[in-house]
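**Q** The listed protein sequences derive, respectively, from chains A and B.
Here our numbering is used: position 97 in the first sequence is 97, and no number is missing along the way.
Position in the second sequence counted from 1, then plus 1000, gives you our numbering.
Ideal Cβ positions, reconstructed from N, Cα and C, are used throughout, including at glycine.
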Amino acid sequence: DSGVTQTPKHLITATGQRVTLRCSPRSGDLSVYWYQQSLDQGLQFLIQYYNGEERAKGNILERFSAQQFPDLHSELNLSSLELGDSALYFCASSPTGGAGQPQHFGDGTRLSIL
Amino acid sequence: DAKTTQPTSMDCAEGRAANLPCNHSTISGNEYVYWYRQIHSQGPQYIIHGLKNNETNEMASLIITEDRKSSTLILPHATLRDTAVYYCIVRAFSGSARQLTFGSGTQLTVLP
Chain A
1 DSGVTQTPKH
11 LITATGQRVT
21 LRCSPRSGDL
31 SVYWYQQSLD
41 QGLQFLIQYY
51 NGEERAKGNI
61 LERFSAQQFP
71 DLHSELNLSS
81 LELGDSALYF
91 CASSPTGGAG
101 QPQHFGDGTR
111 LSIL
Chain B
1001 DAKTTQPTSM
1011 DCAEGRAANL
1021 PCNHSTISGN
1031 EYVYWYRQIH
1041 SQGPQYIIHG
1051 LKNNETNEMA
1061 SLIITEDRKS
1071 STLILPHATL
1081 RDTAVYYCIV
1091 RAFSGSARQL
1101 TFGSGTQLTV
1111 LP
């Protein structure tokens, strides 16, 4: 158990819809990362938050957004969903985001777009 | 971050040591070497990381060559549960890009 909790585990929805994925980091971790894993793209970094502020952005689509709340949990919002958004979405956390600090991953949310 | 090269797949007999190589010939002095693994579609699991010195923890050992251009992850007594994709990642010590960049990894299959 990594200590990172992601909900829901599975999500099935239709094209054009909007969903919210939730992540609770490990106790004491201030930095949260979101990653997407699809069959053809592998694991790709989306976005990082540190103590409520956006710190780094990867290949995140404009239809996707994220935020980190005062209690440090984070949400990833995906809108105008397309078939290609079907993927596993992972959240990871680390104490402050330093390069010498391992990121610990949750078990992911499997998103299926019908 | 420096690019890494890993074999696509490897087999190992159960109970034997699994030695997974990684080439990172363009690594710079401020980059860490990280190893993660992913079992089926579970979340990536952190194994070990190092900067210059060899490292050991309860899961594995990390051997980094003196010139830092390659490393080897050693699982001392592989079990069937160690079958997974293993990712070698180099990560800059500083700068805004602190995310992990995953490549294709090595599919390790532990055989009974």
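1) Could you run through the region 93-111 of chain A and flag, in chain order, every residue whose CB is less than 8 Å away from some CB of chain B?
2) When the Cα atoms are used, what is the spatial distance from A87(A) to G3(A)?
3) Are the C-beta atoms of G42(A) and some chain B residue less than 7 Å apart?
4) Could you say which of R55(A), L43(A), S27(A), L21(A) lies nearest to F64(A) if we only look at CA atoms?
5) Based on Cα-Cα distance, which residue from P1076(B), Y1036(B), L1111(B) lies nearest to P102(A)?
6) Using a C-beta to C-beta distance shorter than 7 Å, which residues of chain A count as neighbours of G1043(B)?
7) Answer yes or no: does any C-beta atom of chain B fall closer than 7 Å to that of F115(A)?
8) Determine the extent of the beta strand (DSSP E) in which N1019(B) is found, giving its start and end residues.
9) Helix, strand or coil for R1037(B) per DSSP?
10) I'd like the ranges of any beta strand (DSSP E) spanning at least 3 consecutive residues and lying wholly in the region 39-82 of chain A.
**A** On the basis of the supplied data:
1) G97, G98, A99, G100, P102, Q103, H104, F105, G106, D107, G108, R110
2) By 1-based counting over the first sequence, the position of residue 87(A) is 87. By 1-based counting over the first sequence, the position of residue 3(A) is 3. Roughly 22 Å separates the two Cα atoms.
3) Within the first sequence, the letter at position 42 stands for residue 42(A). For G42(A), the answer is yes, since a Cβ of chain B falls inside 7 Å of its Cβ.
4) Within the first sequence, residue 64(A) is the residue found at index 64, counting from 1. Of R55(A), L43(A), S27(A), L21(A), the residue nearest in Cα terms is L21(A).
5) On the first sequence, position 102 is the one that residue 102(A) refers to. Among P1076(B), Y1036(B), L1111(B), the Cα nearest to that of P102(A) is on Y1036(B).
6) By one-based count along the second sequence, residue 1043(B) stands at place 43. Those within 7 Å of G1043(B) in chain A are S2, F90, F105, G106, D107, G108.
7) Residue numbering for chain A in the displayed model covers 1 to 114; residue 115(A) lies beyond these limits and cannot be assessed.
8) Sequence index remark: in the second sequence, residue 1019(B) carries index 19 (1-based). Here the beta strand (DSSP E) through N1019(B) covers 1018-1023.
9) The residue you call residue 1037(B) lines up with position 37 of the second sequence. Here R1037(B) sits in strand by DSSP.
10) 42-50, 53-57, 64-68, 74-78
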